[in-house]
Amino acid sequence: MKIGMFDSGIGGINVLKEVMKKYPNQEYIYFGDTIHLPYGNKTKEQLMEFGTNIIRFFEEQQVDMIVIACGTCSGMVEEYQEKTDIPIYDIITPTVNYVKKNYRSVSLLATATTIEKGVFEKKLSNHGVQVYPLACPHFVPYLEGLNDQKLDMNRELQSLENKCYEAVILGCTHYPLLQKEIEQCLHVVSVDPGVCLADSIELKSESHFSLTIYMSELTSVLQSNVERILGYKVELIEKRLDYMITK
Ligand code: DGL
1 MKIGMFDSGI GGINVLKEVM KKYPNQEYIY FGDTIHLPYG NKTKEQLMEF
51 GTNIIRFFEE QQVDMIVIAC GTCSGMVEEY QEKTDIPIYD IITPTVNYVK
101 KNYRSVSLLA TATTIEKGVF EKKLSNHGVQ VYPLACPHFV PYLEGLNDQK
151 LDMNRELQSL ENKCYEAVIL GCTHYPLLQK EIEQCLHVVS VDPGVCLADS
201 IELKSESHFS LTIYMSELTS VLQSNVERIL GYKVELIEKR LDYMITK
């Protein structure tokens with residue numbers, strides 16, 4: 001099968017890695033929309049436009065399925081699905097399904113847009129799960145090398161200090177890159193959406209392995225960041241989508 005995955009940048013590589021672990025013999029195409037990074041402070045209209053452009057690109061590449069490897073865009077999976085006949089999978093649905101089976105209370109770290117929309121919270125509270133949400137706007141710029149300010153994890157997560165919960169959801173696909181620091185700071189286990197998604201999908205047909213990674217803008221740190229996550233060398237391709245309108 002040909003599988004298209006997208007995110008704003010390197011976050012979705014965490015999801016890709018988990019899916020490749022379970023399904024090594026598939027053809028993967030990854031698109032990181034780094035020119036529009038971060039997605040976490042964008043409007044719904046902008047995210048619809050970016051995502052729709054990427055879906056168009058995946059249609060041209062004739063993928064069989066699309067994975068929204070981004071928490072922020074996952075909240076709009078129904079709207080994206082209206083734009084194409086290719087089946088689209090999001091990372092929120094499998095994460096919610098896993099959490100509701102295993103926990104009664106969780107904290108949720110995600111981008112400002114995801115927290116404002118309250119998608120995780122609405123779905124989980126329907127199942128009696130107590131959610132303590134927290135937007136972490138400094139994490140993605142830090143992880144993508146957009147600023148060189150160090151993260152003070154205790155300060156970033158301070159508002160969760162007096163809350164009581166069993167696990168923390170890493171509700172943005174970039175955050176597994178800070179998994180150790182987050183778990184150490186909060187003293188709970190974390191839930192990784194990439195793992196939840198990989199566990200939830202069943203792919204019938206196998207083919208040969210291939211991986212092509214496109215980024216809408218290449219930066220000097222991007223190549224090494226991707227290789228660090230995947231654990232091997234891979235050549236990134238810069239790809240501006242013709243129909244990209246908004247900067
Ligand atoms: N990794 C994405 C997410 O899961 C986007 C983060 C961003 O670009 O702000 O939300």
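Under the working numbering, the first residue of the sequence shown is numbered 1, with each subsequent residue one higher.
For each residue, glycine too, the CB sits at the ideal point set by N, CA and C.
For residue i, three-class secondary structure by DSSP
i: K2; result: strand
i: G51; result: helix
i: D148; result: coil
i: V15; result: helix
i: T34; result: helix
i: E78; result: helix
i: L177; result: helix
i: E238; result: strand
i: L170; result: strand
i: I88; result: strand
i: Y142; result: helix
i: V63; result: coil
i: Y39; result: helix
i: E217; result: coil
i: L134; result: strand
i: E161; result: coil
Reference residue i, options the options, closest by Cα
i: N97; options: D242, D7 and S125; result: S125
i: Y39; options: P137, V221, S224 and N147; result: P137
i: H36; options: L47, I29 and L151; result: L47
i: E181; options: T173, V195, L157 and K163; result: L157
i: G118; options: D148, I86, E78 and G71; result: G71
i: S220; options: S207, E235 and L230; result: E235
i: G171; options: G75, G128 and M5; result: G75
i: I68; options: G128, L16, N162 and H187; result: L16
i: K101; options: H127, L222 and E45; result: H127
i: Y23; options: E227, E238 and L197; result: L197
Inter-residue CB distance, residue i and residue j (contact presumed, cutoff 8 Å)
i: Y175; j: V106; result: That pair is no contact at about 14 Å.
i: A112; j: N41; result: 6 Å
i: M1; j: E27; result: 7 Å
i: E269; j: T43; result: Examination of residue 269 is not possible in this model, given that the chain is present from 1 through 247 alone.
i: I10; j: L143; result: 7 Å
i: V190; j: A167; result: Here residue 190 is Ser; the residue named in the question, Val, does not match the sequence. At roughly 7 Å, the Cβ-Cβ gap stays under 8 Å, so S190 and A167 are in contact.
i: V226; j: I237; result: 12 Å between Cβ atoms; not a contact.
Distance cut-off 8 Å: residue i Cβ against heavy atoms of the ligand DGL
i: A110; result: yes
i: N41; result: yes
i: P38; result: yes
i: I91; result: yes
i: S8; result: yes
i: C70; result: yes
i: V77; result: no
Heavy atom of the ligand ATP within 8 Å of residue i beta-carbon
i: H174; result: Although the ligand ATP was asked about, the structure shown includes only the ligand DGL as ligands.
May I have a chain-ordered list of the beta strand (DSSP E) segments no shorter than 3 residues that lie completely inside the region 184 to 213? 189 to 191
What residue ranges within the region 92 to 131 form continuous beta strand (DSSP E) runs of no fewer than 3 residues, ordered along the chain? Fully enclosed beta strand (DSSP E) runs of 3 or longer: 105 to 110.
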